[in-house]
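Counting from 1, one number per residue, gives the positions in the sequence shown under full-length UniProt numbering.
Backbone N, C-alpha and C define an ideal beta-carbon position, used for all residues, glycine too.
The next block holds one structure in the form of structure tokens; read it before the comments.
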Amino acid sequence: MLSQAVTNQVGQRENRHEVADTSRIREFLRMNRPSFNGSSVTKDPKNFIEELRKVFEIIHVADAERVELDAYQMKGVARIWF
Numbered sequence: 001m002l003s004q005a006v007t008n009q010v011g012q013r014e015n016r017h018e019v020a021d022t023s024r025i026r027e028f029l030r031m032n033r034p035s036f037n038g039s040s041v042t043k044d045p046k047n048f049i050e051e052l053r054k055v056f057e058i059i060h061v062a063d064a065e066r067v068e069l070d071a072y073q074m075k076g077v078a079r080i081w082f
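Here you go:
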């Protein structure tokens, strides 16, 4: 009985975590976020990185999730070197 209750609690936590992750991704996609194409050697990615960092802080994205969302915003040549 106790083990079933613990198992149910863990399952509920995992479901809440998945819903929160999905919600953050949706929120990220709705925001006016920068993209980076890296098509020129003179193109500096620092502004792109700083703007994304601000977005991630606002919507409370964990560091582990940031890389995947960063990659989503890279376009053209930048996508190849990533």
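Quick one: measure Cβ to Cβ for residue i and residue j, integer angstroms, because I've assumed they're closer than 8 Å.
i	j	result
R24	I59	5 Å
F28	V61	7 Å
Check whether the Cβ atoms of residue i and residue j sit closer than 8 Å, and answer yes or no.
i	j	result
M74	V55	no
Does the beta carbon of residue i sit closer than 8 Å to a beta carbon anywhere in chain C?
i	result
D44	Included in the structure is just one protein chain, with no chain C present.
In whole angstroms, what separates the C-alpha of residue i from that of residue j?
i	j	result
A64	D70	11 Å
Y72	E51	14 Å
K46	R66	15 Å
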